[in-house]
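Peer 1:
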Amino acid sequence: MSNIRITKQFNFETGHALYGYDGKCKNVHGHSYKLSVTVIGKPITDRNNVKFGMVIDFSDLKKIVKEEIVDQFDHATVFNETTPHIELAKELKSRDHHVILVNYQPTSENMVVDFSQRIIRRLPENIKLFSLKLQETESSFAEWFASDNQ
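Laid out in C-alpha cells, this is it:
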C-alpha cells in the first residue's frame, strides 16, 4: 500500500512581541495565523475498520491539533520567559489575560518547531508528521519538514 499525505488547516489569532528585535515586531502585536498540518501514513486496509481507507480520520487529527495548539494559542499573547517581557506578562496575567510563556523567541520559526513537537507526541504510532506550515501574514510563513530534522 502506498504512503499518502493528508493535510488539515487551522486558523487562530495570537499576539506576541520579539524582545531585543530591531524592528516593529519588538512591540506587542498580533497575527491571524494559518497552520497547515501534513501527516503521512498508509490508508487502513481492514474492511471491518470504520476508518477503512483513511490514513487518519481528519477529526482525529483535528482533535490533536486543536488541543495541543489552537485551544492554547488562540487569543493568547506569547512572550519569551527569559526576557524582561516577563514583567509585562505578569501584569497582563494579573488582569486576567491569557499569556503563554515560552523558553524561546516567539518567532514563526521557533513556534513551528514547538508545534511539531507537540503534535508528534500525540500521533498514533503508524502516522508520522510530514510537515507544518505556519503562515504569519499573507506573504510570510515558516515551514518544518520531518525530512529536514532526522
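Residue numbers (the numbering used here): 81 to 230. Just so you know, even glycine gets a beta-carbon here, dropped at the ideal spot from N, CA and C. Computed from a predicted model, the values in this text were never measured in an experiment.
May I ask whether a heavy atom of the ligand FMN can be found less than 6 Å away from the beta carbon of E218?
Peer 2: Of the ligands one can find in the structure shown there are none, so the ligand FMN has no counterpart to examine.
Peer 1: Would you mind listing the beta strand (DSSP E) stretches within the segment 92-153 that are 3+ residues and don't spill past its ends, in chain order?
Peer 2: 109-121
Peer 1: For E205, which residues does DSSP report across the bridge?
Peer 2: Your numbering for residue 205 matches position 125 in the sequence shown. E205 pairs with nothing; no bridge assigned.
Peer 1: Determine whether the beta carbon atoms of L212 and V192 lie at a separation below 7 Å.
Peer 2: Within the sequence shown, numbered from 1, the residue matching residue 212 stands at position 132. Within the sequence shown, numbered from 1, the residue matching residue 192 stands at position 112. Yes, the Cβ-Cβ distance between L212 and V192 is below 7 Å.
Peer 1: I200 bridges to which residues according to DSSP?
Peer 2: Counted from its first residue, the sequence shown places residue 200 at position 120. Answer by DSSP bridge pairing: none, since I200 is not bridged.
Peer 1: Can you tell me which of T157, V135, V119 and T163 puts its alpha carbon nearest to the alpha carbon of D176?
Peer 2: As a working note, residue 176 is residue 96 in the sequence shown. The shortest C-alpha separation from D176 is found at T157.
Peer 1: Does the beta-carbon distance from F265 to Y113 come in below 7 Å?
Peer 2: Residue 265 is absent from the structure shown; the chain starts at 81 and stops at 230.
Peer 1: What alpha helix (DSSP H) runs, 4 residues minimum, are completely inside the segment 163-195?
Peer 2: 165-174
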